[in-house]
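Novice:
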Amino acid sequence: MAEPKKIIIDTDPGIDDAMAIFLALESPEVEVIGLTTIYGNVPTSVATRNSLHLVNSILLLLSQCCNCYLCVSAAIISHSIWI
131 MAEPKKIIID TDPGIDDAMA IFLALESPEV EVIGLTTIYG NVPTSVATRN
181 SLHLVNSILL LLSQCCNCYL CVSAAIISHS IWI
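Dropping the structure here:
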């Protein structure tokens, strides 16, 4: 079997993202090396809090750990760019 692909998951964790993160952590095909939080359905501060709760739950349930990083709280570009 090939080496697991190292990934970083950019998330605004709600239940759907939480399930995807749990599945990724249990997958032999990927190694989750970190989570980054971004605004989306919730503000970045709430997304970061949710991510930290999720990481603590993962540590307790799966005995695995990954880093969690706060990212930007607003769009970097205020208009769409189409190539």
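Following the working numbering, the numbering of the sequence shown begins with 131 at its first residue and continues without gaps.
Built from N, CA and C at the ideal position, the CB exists for glycine as well.
Could you check what DSSP says for VAL160 in three-state terms: helix, strand or coil?
Specialist: Here residue 160 is taken as the residue at index 30 of the sequence shown, counted from 1. Looking at VAL160 - three-state DSSP - the assignment turns out to be strand.
Novice: Just verifying my parser: in three-state terms, what is the DSSP assignment at ILE151?
Specialist: Here residue 151 refers to the residue found at position 21 when the sequence shown is read from its first residue. It is helical.
Novice: So what does DSSP say about ILE137, is it helix, strand or coil?
Specialist: On the sequence shown, position 7 is the one that residue 137 refers to. Correct three-state label for ILE137: strand.
Novice: Closer than 6 Å by C-beta to SER187: which residues in its own chain qualify, once you throw out the five before and the five after it? Chain order, please.
Specialist: Translated into the one-based positions of the sequence shown, residue 187 becomes position 57. Taken in chain order, the list of residues that qualify is empty.
Novice: Straight-line CA distance for VAL160 to GLY144?
Specialist: Taking the sequence shown and counting its residues from 1, the one referred to as residue 160 is at position 30. Taking the sequence shown and counting its residues from 1, the one referred to as residue 144 is at position 14. When rounded, the distance between both Cα atoms is 21 Å.
Novice: By Cβ distance below 7 Å, which residues in the same chain neighbour PRO134 in space, the five residues on each side in sequence not counted?
Specialist: Taking the sequence shown and counting its residues from 1, the one referred to as residue 134 is at position 4. These residues qualify, in order along the chain: PRO158, GLU159, VAL160, GLU161.
Novice: Do GLY164 and ILE138 have their beta-carbon atoms positioned less than 7 Å apart in this structure?
Specialist: Along the sequence shown, one-based indexing puts residue 138 at 8. Along the sequence shown, one-based indexing puts residue 164 at 34. It is a contact, given that the beta carbons lie within the stated cut-off.
Novice: In whole angstroms, what separates the C-alpha of ALA177 from that of THR141?
Specialist: Translated into positions along the sequence shown, residue 177 becomes position 47. Translated into positions along the sequence shown, residue 141 becomes position 11. The straight-line gap from Cα to Cα measures roughly 8 Å.
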